[in-house]
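A.B. asks: Numbering (our numbering), first residue to last: 9 to 247.
Quick reminder that beta carbons are idealized off the backbone N, C-alpha and C, glycines included.
The structure that follows is given in the form of structure tokens.
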């Protein structure tokens, strides 16, 4: 895999730097600054001379924040790629609005959107010779109080989407939710994805401040010959 730099910001937000691009996924909020921080997102946006692309997979408050539109005041070269459920009051030329199962070719980036088992989309991006997947809220949401019918509907929906994604057996990096609210089922979707899609590297997200579960997820997906990465803190360098 070509050299990239991946930073965990918070929750489902990551910053990914490739040869020509600086990409931000599902910005929610800025975590408290600490001396041990390995990235300042504001400084990166201000200082980088690379093309900046900001992705928002859906309008849930923990995946989308209107503050992202203020970033263009400090760096006018930003491009926004947004799910169609996100309302934009003043759509600009640098806004791209996408529904599920759409493709976009943009300045050297190839993008495909897939469905979600919640709302919005998930993203598969080919950029600078690597393939990256950000799941958004695509997950096997197995809640203990679901009815049998709800369980079956969720299972079929999730597996159907992942089976489509599995046509790409060359994904370098996948960012995928493990939600501790699902209790003992929080790894169910991630393990299914690892087994079906076999990304080279899989990074957990959507775990709030429960960093301890990222180590268990790393260990669980090793049996599928997928490299996992545990996360220790916000604003940290992972790759």
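1) Which whole-angstrom value is the C-beta distance of residue 36 and residue 22, which I expect to be below 8 Å?
2) Of all the CB atoms in chain D, is at least one closer than 7 Å to the CB of residue 143?
3) Hey, would you say residue 235 sits closer than 7 Å to residue 209, going by beta carbons?
4) Scan the stretch 136-162 and note each continuous beta strand (DSSP E) run of 3 residues or more that stays entirely inside, going in chain order.
5) Do three or more CB pairs link the stretch 171-191 to the stretch 210-217 at distances below 8 Å?
6) I need the straight-line Cα distance from residue 198 to residue 163, nearest angstrom please.
7) Assuming residue 207 and residue 237 are in contact, meaning their beta carbons sit under 8 Å apart, how far apart are those beta carbons, in whole angstroms?
8) Can you tell me where the beta strand (DSSP E) holding residue 226 begins and where it ends?
9) At the level of alpha carbons, what is the spacing between residue 201 and residue 159?
10) Under the rule that 16 or more other beta-carbon atoms within 10 Å means buried, what is residue 111, buried or exposed?
11) Roughly how many angstroms separate the alpha carbons of residue 16 and residue 246, rounded to a whole number?
12) Taking C-beta to C-beta, are residue 9 and residue 138 nearer than 7 Å?
13) Which runs of the alpha helix (DSSP H), 4 residues or longer, sit entirely within the stretch 169-221?
14) With a CB to CB cut of under 6 Å and the five nearest residues on each side skipped, what residues in its chain are close to residue 255?
15) Taking just the CA atoms, how far does residue 12 sit from residue 118?
16) Could I get the ranges of all uninterrupted alpha helix (DSSP H) runs contained in the stretch 11-71, with 4 residues as the minimum, in chain order?
17) Helix, strand or coil for residue 113? Go by DSSP, reduced to three states.
18) Can you tell me whether residue 74 is helix, strand or coil according to DSSP?
19) For residue 167, which of 128, 124, 50 has the nearest alpha-carbon?
20) Just the C-alpha distance for residue 31 and residue 63, rounded to the nearest angstrom, thanks.
21) Output the distance between the C-alpha atoms of residue 154 and residue 161, rounded to the nearest integer angstrom.
22) So if DSSP puts residue 236 in a beta bridge, which residue, or which two residues, is it bridged to?
23) On the DSSP bridge list, what partners appear for residue 131?
24) Considering Cα atoms alone, identify which of 231, 65, 26 is closest to residue 56.
C.D. replies: Well, looking at it:
1) Your pair residue 36 and residue 22 does not check out as a contact, with CB atoms roughly 11 Å apart and the cut at 8 Å.
2) Among the chains in the structure shown there is no chain D, since it carries only a single protein chain.
3) Yes; because the gap between Cβ atoms is below 7 Å, this pair is in contact.
4) Listed in chain order, the complete beta strand (DSSP E) runs (minimum 3 residues) inside the stretch 136-162 are 138-142.
5) With the cut-off at 8 Å, the stretch 171-191 and the stretch 210-217 touch.
6) Approximately 13 Å, taken between the alpha carbons.
7) Not a contact, Cβ separation roughly 11 Å.
8) Counting along the chain, residue 226 falls outside any beta strand (DSSP E), though it belongs to the alpha helix (DSSP H) covering 220-229.
9) Taken atom to atom, the span from the alpha-carbon of residue 201 to that of residue 159 is near 18 Å.
10) Answer is exposed; the Cβ neighbour count stays below 16.
11) Taking C-alpha positions only, residue 16 is separated from residue 246 by approximately 7 Å.
12) In this structure, residue 138 lies closer than 7 Å to residue 9 by Cβ.
13) Within the stretch 169-221, the complete alpha helix (DSSP H) runs of at least 4 residues are 196-205.
14) Coverage of the chain is limited to positions 9 through 247, which leaves residue 255 absent and any answer about it impossible.
15) In this structure, the straight-line span from the alpha carbon of residue 118 to that of residue 12 is close to 17 Å.
16) Counting whole runs of 4 or more residues, the stretch 11-71 contains the alpha helix (DSSP H) stretches 49-55.
17) Note: residue 113 maps to strand in three-state DSSP.
18) Under the three-state reduction of DSSP, residue 74 is assigned to helix.
19) Residue 124 holds the alpha-carbon nearest to the alpha-carbon of residue 167 among 128, 124, 50.
20) Approximately 8 Å, taken between the alpha carbons.
21) Approximately 10 Å, taken between the alpha carbons.
22) When DSSP reads this structure, residue 236 sits in a beta bridge with 210.
23) DSSP, once it has assigned bridges, lists 121, 142 as partnering residue 131.
24) Of 231, 65, 26, the residue nearest in Cα terms is 26.
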